[in-house]
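Quick notes on the structure that follows.
Number of protein chains: 2
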Amino acid sequence: MRVTLGDVARRAGVSLATASRALNGSDRNVGDVLAARVRASAKELGYLPYAPAQALARASTATLGVLLHDVADPYFGVITRGASEAAAEAGLLTMVVSTFADPDLELRNIRMLHAQRARAIVLAASGYVDEEATRRLDEALGAYRAEGGRVVALTDHGPSYDSVRPANRRGAADLTRALLGLGHRRFAVVPGPERLRVSLDRLLGVREALDEAGVALGPEAVEFAEFSHEGGRAATARLLERSRPTALIALSDVGAVGALAELRGRGLDVPGDISVVGFDDIPCAAQLAPALTTVRVPLERMGAEAVRLALEPRPRTAPGGIEDATDGLSAGPDTRSPRVVDLPTETVLRASTAPPPGAF
Amino acid sequence: MRVTLGDVARRAGVSLATASRALNGSDRNVGDVLAARVRASAKELGYLPYAPAQALARASTATLGVLLHDVADPYFGVITRGASEAAAEAGLLTMVVSTFADPDLELRNIRMLHAQRARAIVLAASGYVDEEATRRLDEALGAYRAEGGRVVALTDHGPSYDSVRPANRRGAADLTRALLGLGHRRFAVVPGPERLRVSLDRLLGVREALDEAGVALGPEAVEFAEFSHEGGRAATARLLERSRPTALIALSDVGAVGALAELRGRGLDVPGDISVVGFDDIPCAAQLAPALTTVRVPLERMGAEAVRLALEPRPRTAPGGIEDATDGLSAGPDTRSPRVVDLPTETVLRASTAPPPGAF
DNA sequence: CTGAAAGCGCTAACAT
DNA sequence: ATGTTAGCGCTTTCAG
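Just so you know, the sequences run in chain order A and B. For the first sequence, full-length UniProt numbering gives the first residue as 1, with consecutive numbering after it. For the second sequence, full-length UniProt numbering gives the first residue as 1, with consecutive numbering after it.
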């Protein structure tokens, strides 16, 4: 019932080794006639290599893992497309796992990916503020790397990881400056969840630009929220209870969409009464009512670059220096310096922003 | 360097078999003390099972494959979330592969998933009109199933597959009837790509409702297009060159978004000058300008049901029993009658539709 | 260039 | 209840 390499070999009248070499061997050392015969009988038999067996024998799989919050979120959807296309080009299959921003789930999923011996793991989400959670994740990732697994982070994961970094802080600062340039002085901000580094990073950018301009941003003007429609909506509602901003900065597009919905529900005109901006430039941002001013993050490219980085040959280097995750101090146990790819972002002005009401 | 089960067994002072049973065995036949000892040393050593070896020994993997056009398309994103959550609950990892609606790529990917010995394959996309392509896909899927792989289709894939079917035809008919009810008589339709069955299915529903009402739909009023923003936009542009519909039916939301963009670019008001409807009810449909009237397809549920179906134990040879969609013809080679789950859709009226201009 | 044979890490009979 | 021992299908030394 199951066609094995042995069947192919027998039918071609060659040994197992020859069949293996002819079909999947990297070497070119099989005679043309035999090779052709092997390929022919493989086709006739409908032979398909048994990946788990190959993995066991080769001590290496043909799979890539992508860890994200939610596949259905367009932010991650686009990243995943970039990553899985790059992976496909390298002959790898992509395993996508959602963590819903839960460090425990993330830890479990890292272990699963490790158990599968995925060639590499792309951390598209992650980057928690919680030190204990981070420590546990680092430990799991360390074990994975100790066995040869490659890890690339798309978020701030500490200096020991290869990473692809969009200019979160800088992008948020530029975005804020654009708003300041329009004349806004009263701001409200809806970052992502407080437990994620990326939220704080982007918020930092906003603060930076505001400080520059001497504009204050009190705690009453900041309302953390999940990266979701409902999160953005509810946070906006709470903000409006206690302040009257002329500009609302949502630090994710999905959150901005929720904010727009809340504003619309209250009969406020955007941008007439209040300007709204998002972050990420997800595909539908340009199609909203009104079209959303935002920061373009090169999502697809991030995914692709991450895979490129992950698959790039790594000098296994320094004899006598296999890592040691425990002694965080001292001479770095990892002689291989992590690669970092910085990707610029770009502010995209659309219809959701205008000078504040009363400006002239 | 690599911790194996053997290491764990040795450290616990038990045999390999006992360690295996204590850690991953389904049986309960390990003494409490030993089991505890094994678990303890596994933890101390940081042991992680080696999935490829388990797969080889068990002749079964813990992975699921999802085949779709594009992960970044929200339609598939949401389906994938449903599927991968259900898979995760069953302890499976999800491999997502994009085919970009290309049958050849799809064939290759089916083979890859087969080679990986994914437990089941969910065909979220697929369903081609081309008979030759379909034959080749069926052949590959047949080989996969012959080895015990399970296949569930979310599109029309012929009667031999387990399937989860949204009411595409019916949904399109209902949607069209809603438009007729508003008074529209001049229609234009942008289905999906002509090579996909789902496009024709939905178009059929439109035709059915139109016929009922005695409204004609000439070939000049139908313009096939890829399921994409640009596809919808360009098709709309072409349609407007040769007709002046009062209602534009895009048979996908992403296409409808493109249509809205084109209309806006031409200075046409929606729904004042022309009503626009989509299909799918992707997350951002409600947030567009204007909010899109569409047909809600239970995407997440489809993904989850598909996995449920795929994982449901299958009587290997059970004669008689559940309904059989095929039995008009011969006694098929497959005695197991395919399961079919039909899922209803629902028309959602939003701001993009209104009575035609001039109606009173 | 080709073949024989030793595993890769784990599970599942089959003993005991 | 626990241990012994074959493999699972493939790659890869190592011989010839």
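Built from N, CA and C at the ideal position, the CB exists for glycine as well. Small disclaimer: the values here were computed from a predicted structure and weren't measured.
Under the three-state reduction of DSSP output, Y50(B) falls in the coil class, being neither helix nor strand. A contact between stretches requires three or more CB pairs, one per stretch, nearer than 8 Å, and the segment 204 to 223 of chain B meets this requirement with the segment 235 to 255 of chain B. By the CB criterion at 8 Å, P74(A) and P298(B) fall outside the cutoff.
Relative to A9(B), the option among L34(B), R28(B), Q287(B), R185(B) whose CA is nearest is L34(B). When rounded, the separation of the alpha-carbon atoms in M95(B) and A247(B) is 40 Å. For R117(A), the residues of chain B that pass the 8 Å Cβ criterion are Y50, A51, P52, in the order they occur in the chain.
Near chain A, meaning a CB-to-CB distance below 7 Å, the residues of the segment 90 to 116 of chain B are L93, T94, M95, V96, V97, S98, R111, M112, H114, A115, Q116.
Boundaries around L248(A) are those of the beta strand (DSSP E), 247 to 250, since no alpha helix (DSSP H) includes it. Secondary structure remark: continuous beta strand (DSSP E) runs of at least 3 residues inside the segment 182 to 229 of chain B, in chain order: 187 to 190. The beta carbons of A213(A) and V190(A) sit no closer together than 8 Å. Non-local beta-carbon contacts of L210(A) in its own chain, meaning distances under 8 Å to residues more than five positions away in sequence, involve T176, L180, F187, A216, L217 in chain order. Chain A has a Cβ within less than 8 Å of the Cβ of A261(B). For the segment 227 to 287 of chain A, the continuous beta strand (DSSP E) assignments of 3+ residues that do not extend past its boundaries occur at 247 to 250, 275 to 277, in sequence order.
DSSP places S20(B) in the helix class (H, G or I) of the three-state scheme.
Residue-level contact by beta carbon fails for E131(B) and chain A, as no gap is shorter than 8 Å. Per the DSSP secondary-structure output, P166(A) pairs in a beta bridge with L343(A). Of the residues assessed, A87(B) falls on the buried side of the cut-off, its CB having 16 or more other CB atoms within 10 angstroms. Within the segment 143 to 175 of chain A, A143, A146, E147 place their CB atoms closer than 8 Å to a CB of chain B, listed in sequence order. For the segment 70 to 83 of chain A, the residues whose beta carbon sits under 7 Å from a beta carbon of chain B are, in order, D70, V71, A72, P74, G77, V78, T80, R81. Within chain B, C284, Q287, L288, A289 have C-beta atoms less than 9 Å from the C-beta of L288(A), given in sequence order. Note that the C-beta distance between T293(A) and V277(A) is below 8 Å. In summary, P283(A) is buried, with 16 or more beta-carbon neighbours lying within 10 Å of its beta-carbon over all protein chains present. For T63(B), the uninterrupted beta strand (DSSP E) segment begins and ends at 63 to 68. Neighbours of L311(A) across chain B, judged by C-beta separation under 8 Å, do not exist; the nearest C-beta is about 17 Å away. Within 8 Å of the CB of V257(A), the CB atoms of chain B belong to C284, Q287, in sequence order along the chain.
With a beta-carbon spacing of about 49 Å, P313(A) and A289(B) fall beyond the 8 Å limit used to define contacts. In this structure A304(B) is buried. Its beta-carbon is surrounded by 16 or more other beta-carbon atoms within 10 angstroms. The residue among R301(A), P355(A), L105(A), A351(A) with its C-alpha nearest the C-alpha of D342(A) is R301(A). Ranked by Cα distance from L141(B), the options D70(B), D130(B), G158(B) are led by G158(B).
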